[in-house]
Each structure stands twice: as structure tokens, then as C-alpha cells.
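Reading through the C-alpha cells given below for one structure.
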Amino acid sequence: MSNGCWVAYEKPNYSGYQYMLHKGEYPDYQRWAGFNDCIRSCRMVPPYNGSYRMKIFERSDFGGQNLELMEDCPNLHERFHTRDISSVNVMEGYWMLHEHPNYRGRQYFLLPGEYRRHSEWGSTSPTIGSLRRLFFSSFNP
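Written out as C-alpha cells, the structure is:
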């Protein structure tokens, strides 16, 4: 990767496992925390230097308990008392959801917008363990 920041996808049409890649060399898929060596589509992440705000919901279509976040959350279960996030409204900023606590497991990149069900961000399950804001400066090692 010669410059910029990219989200790489395991399958065509921006589907499958997602990986955040920044400037650097990736001689094998373990270097990008990959589950395999397949990348079939990718998209550039434009720079962003504004505010960060999102609201997460326990149920699809913005139902159930909700929590507004403006900071990173390394353990969603401790803060929200659930592991299931079924819908999200990203009001500001770029965010990365992670399947497990402490930013581990499958990654889901979210741009500002409404995600009415977990399948809209590419997940087969509503289980989310952690989430964090993506700063453009954090894309450079």
C-alpha cells in the first residue's frame, strides 16, 4: 500500500471480511489481521477531521435500548450491558465496529448514515464487542 487508507473486502461488491489498510507493506494476510489471503474489492477512505457521534440500538430499525457515543469503547458489554447491536445511526465521523472486546475479531467500517440492521454493515450477527473512532492520523503507522 503506497499511500492513503483503504478498506479491503474479502469478496466482490464490498462484502465479506473487512480490513482497514494504511500505508505500509503487507507480505502476508496475517499482517492485515486477515482470516485468509482473499481481497476482491476495496474502497479508499477519504480524510476526515471533524466530530464523532453515533447512536447504537439493541434492536433492528432503531428499537430497544440505545446509547449515544462520541468516544471509543473497548468493551461494549461493560458499558451497554449487551453484546447485540442490531442497528446504528452514525451522525458524524468514521467508525470501526469489532466483533470482540479490545478491538479484536471481524471489523466493520461505518460511514455516516443509518444502518437499520446488522446485515447492512456486512455482519451475519448482531454481536459487537468494541468500537472506535477512526482518525485520519491513526491510519499512518
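For the sequence shown, the working numbering begins at 379 and goes up steadily by one. Ideal Cβ positions, reconstructed from N, Cα and C, are used throughout, including at glycine.
Quick check on the burial criterion: 16 or more other C-beta atoms within 10 angstroms. Buried or exposed for serine 516?
Summary for serine 516: the model assigns pLDDT 48, below 50, so the residue's position carries little reliability; its value from the coordinates is reported in the next sentence. So serine 516 counts as exposed.
Please give me, in chain order, every unbroken run of the alpha helix (DSSP H) with length at least 4 that falls completely inside the region 449–487.
454–458, all fully within the region 449–487.
Would you mind working out which of Asn427, Asn480 and Gly500 sits nearest valine 385, comparing C-alpha positions?
Ranking Asn427, Asn480 and Gly500 by Cα distance to valine 385 puts Gly500 first.
Please report the residue range of the beta strand (DSSP E) in which phenylalanine 435 lies.
Unbroken beta strand (DSSP E) run through phenylalanine 435: 431–437.
Would you mind working out which of Thr505, Ser503, Thr502 and Phe487 sits nearest methionine 432, comparing C-alpha positions?
Nearest of Thr505, Ser503, Thr502 and Phe487 to methionine 432, Cα basis: Phe487.
Enumerate in chain order the residues of its own chain whose CB-to-CB distance from isoleucine 434 is below 6 angstroms, with the five nearest sequence positions on each side excluded.
Cβ within range, chain order: Leu445, Ile463 and Val466.
Three or more beta-carbon pairs under 8 angstroms between the region 487–498 and the region 466–475, yes or no?
Short answer: they touch.
Taking only runs of the beta strand (DSSP E) that begin and end inside the region 384–410, which ones reach a length of at least 3 residues, in chain order?
List check, beta strand (DSSP E) in window: 393–400.
Got a sec? Which residues, its chain only, sit under 7 angstroms from arginine 418 by beta carbon, not counting five neighbours each side?
Answer for arginine 418: Tyr387, Glu388, Lys389 and Pro390, listed in chain order.
Which of the three DSSP states, helix, strand or coil, is assigned to serine 497?
The answer is helix: DSSP assigns serine 497 an H, G or I state.
For arginine 511, which residues does DSSP report across the bridge?
In DSSP, arginine 511 forms a bridge with Trp473.
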